[in-house]
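Below is one structure, written out as structure tokens; the observations come after it.
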């Protein structure tokens with residue numbers, strides 16, 4: 555391969571400068587390439603095919619021309635060695651400046667943008683709390699790494715290290731890890747699909763098994779003990795708010811927000827109509843006599859329908875109330891330590907929380923014969939699979955059905971609370 559440089563004087567620019575072209579000769583071909591170097595005709599030596607001394611920086615310019623020929627010659631030899639055809643396009647590509655390698659995209663700044671995007675899209679505050687908690691775990695995990703976490707280098711191997719950090723180092727429960735994985739997967743999908751960024755792991759590889767955990771549900775006898783327990787006056791309001799949730803299935807957040815605007819008449823009775831805080835969906839709940847009696851007890855004494863303090867305070871009070879009510883039995887609990895299942899016995903009163911009321915309502919409703927589909931509506935579940943969890947844990951319900959089928963005995967002896975709920979026609 556040989557070369558010649560020539561100045562194209564037929565197309566000068568506005569300043570009269572002309573472009574220097576390189577002509578390559580090989581295998582009967584003679585392609586021409588622009589060098590992007592320019593000069594006045596008087597500054598070009600056509601015999602030596604180089605710039606004259608009159609050009610400012612002529613030596614650097616001539617060195618650049620030499621480097622071009624070296625690059626073309628090197629590319630030509632490599633193509634021949636590799637057994638590839640030498641084309642003008644391949645030669646021209648060797649003259650183009652190499653594109654700088656893209657800077658790796660670190661995960662945490664993009665995660666912050668992801669959080670801001672969710673907030674702008676109207677995601678509820680509790681969801682954002684969970685999303686930000688996941689970021690804190692990623693920040694802590696990144697500090698254990700030799701370098702920053704990047705999206706394109708977040709591979710299965712790095713992901714496994716994160717799982718080990720969460721499970722073995724932090725000793726998080728399986729369901730906590732599963733929640734983190736769900737949020738992490740949503741973030742990586744956002745980065746890949748909405749931001750167009752390269753992610754180093756296939757999203758289907760991000761998974762964590764959800765473990766079904768037994769929920770504490772009070773029996774009818776337990777409810778009777780609560781209703782009749784002699785309590786200090788400071789605990790009565792908490793007991794009443796808890797029982798109201800047992801009678802209606804409301805979450806603590808929804809019970810606390812109730813006002814007179816949520817109470818409506820229905821066939822001479824009263825119902826609650828509200829928008830759920832958690833799911834932002836409409837909910838209608840019939841008020842049974844004991845639930846209505848509790849509302850009447852506090853009518854006109856406050857802006858909200860029922861007395862409610864912070865959830866943590868009420869949970870602390872409930873444990874004292876459960877002790878006064880005589881919840882002395884023990885309950886087997888299951889925990890995971892280093893991925894190993896560990897069983898232990900815990901006093902029942904220690905496990906009572908405000909959410910226990912919702913579980914109690916669900917199980918007692920099933921025991922009284924409420925269809926699962928109706929219970930789904932009353933609880934405000936979007937998916938019936940969520941409600942079916944309660945059907946699985948109602949052992950009395952399972953036993954009474956089996957007793958009816960195999961022994962032909964009536965199910966009337968199964969213990970239920972007459973005050974929890976009544977199946978009413980749909981509104």
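Numbering (the numbering used here), first residue to last: 555 to 981.
For glycine and all other residues, C-beta sits at the position ideal for the given N, C-alpha and C.
Source: prediction; values computed, not measured.
CA-to-CA distance, residue j to residue i, given in whole angstroms
i: residue 797; j: residue 877; result: 16 Å
i: residue 795; j: residue 714; result: 45 Å
i: residue 873; j: residue 828; result: 29 Å
i: residue 678; j: residue 838; result: 21 Å
i: residue 572; j: residue 615; result: 14 Å
i: residue 739; j: residue 728; result: 16 Å
i: residue 853; j: residue 826; result: 15 Å
i: residue 881; j: residue 869; result: 15 Å
i: residue 913; j: residue 689; result: 31 Å
i: residue 663; j: residue 657; result: 14 Å
i: residue 576; j: residue 629; result: 15 Å
i: residue 862; j: residue 897; result: 34 Å
i: residue 785; j: residue 762; result: 44 Å
i: residue 623; j: residue 648; result: 11 Å
i: residue 911; j: residue 801; result: 8 Å
i: residue 633; j: residue 639; result: 7 Å
i: residue 557; j: residue 699; result: 52 Å
i: residue 934; j: residue 833; result: 8 Å
i: residue 559; j: residue 589; result: 9 Å
i: residue 759; j: residue 587; result: 49 Å
i: residue 780; j: residue 903; result: 12 Å
i: residue 959; j: residue 691; result: 51 Å
i: residue 685; j: residue 741; result: 9 Å
i: residue 844; j: residue 835; result: 26 Å
i: residue 563; j: residue 750; result: 46 Å
i: residue 916; j: residue 936; result: 15 Å
i: residue 555; j: residue 619; result: 16 Å
Outcome for residue i when other beta-carbon atoms lying within 10 angstroms are tallied against a minimum of 16
i: residue 823; result: exposed
i: residue 756; result: exposed
i: residue 967; result: Only weak support exists for where residue 967 lies, its pLDDT of 44 falling under 50; the coordinates are left without a value.
i: residue 961; result: exposed
i: residue 561; result: buried
i: residue 591; result: buried
i: residue 938; result: exposed
i: residue 776; result: buried
i: residue 650; result: exposed
i: residue 772; result: buried
i: residue 793; result: buried
i: residue 613; result: exposed
i: residue 737; result: buried
i: residue 666; result: exposed
i: residue 981; result: For residue 981, the predicted model reports a pLDDT of 34, less than 50, meaning its position is unreliable and no value from the coordinates is stated.
i: residue 734; result: buried
i: residue 879; result: buried
i: residue 681; result: exposed
i: residue 718; result: exposed
i: residue 565; result: exposed
i: residue 956; result: exposed
i: residue 867; result: exposed
Nearest residue (CA-CA) to residue i, options the options
i: residue 723; options: 744, 712, 711, 694; result: 694
i: residue 668; options: 626, 748, 717, 593; result: 748
i: residue 885; options: 871, 879, 901; result: 901
i: residue 769; options: 613, 906, 607, 623; result: 906
i: residue 609; options: 658, 620, 594, 632; result: 594
i: residue 549; options: 577, 944, 888; result: Not covered by the structure: residue 549. The range shown for the chain is 555 to 981.
i: residue 578; options: 606, 626, 564; result: 626
i: residue 804; options: 710, 780, 841; result: 841
i: residue 811; options: 903, 858, 772; result: 858
i: residue 687; options: 720, 773, 744, 699; result: 720
i: residue 953; options: 908, 940, 921; result: 921
i: residue 799; options: 849, 734, 717; result: 849
i: residue 754; options: 783, 774, 711, 778; result: 711
i: residue 871; options: 908, 860, 843; result: 908
i: residue 806; options: 820, 830, 582, 821; result: 830
i: residue 621; options: 604, 783, 940; result: 604
i: residue 708; options: 746, 732, 940, 674; result: 746
i: residue 659; options: 635, 752, 580; result: 752
Residue i: CB within 7 Å of a non-hydrogen atom of the ligand ADP
i: residue 872; result: The ligand content of the structure shown is nil, which means the ligand ADP is not present either.
Hey, is the segment 915-928 in contact with the segment 805-820, meaning 3+ C-beta pairs nearer than 8 Å? no
When the Cβ atoms of the segment 775-793 are set against those of the segment 695-706, are three or more pairs found closer than 8 Å? no
Per the contact definition of three or more C-beta pairs closer than 8 Å, is the segment 642-652 in contact with the segment 724-732? no
Those runs of the alpha helix (DSSP H) which lie wholly inside the segment 780-814 and span at least 4 residues: 787-802, 806-810
Taking three-plus beta-carbon pairs below 8 Å as touching, is the segment 588-604 in contact with the segment 559-572? yes
Where are the beta strand (DSSP E) runs, 3 residues long or more, that stay fully inside the segment 579-632, in chain order? 586-593
Uninterrupted alpha helix (DSSP H) stretches inside the segment 838-916 (no shorter than 4 residues): 843-851, 865-878
Extract the residue ranges of the alpha helix (DSSP H) inside the segment 649-675, only unbroken runs of 4 or more that lie entirely within it. 661-674
Counting only runs that start and end within the segment 725-768, where is the beta strand (DSSP E) found for 3 or more residues in a row? none
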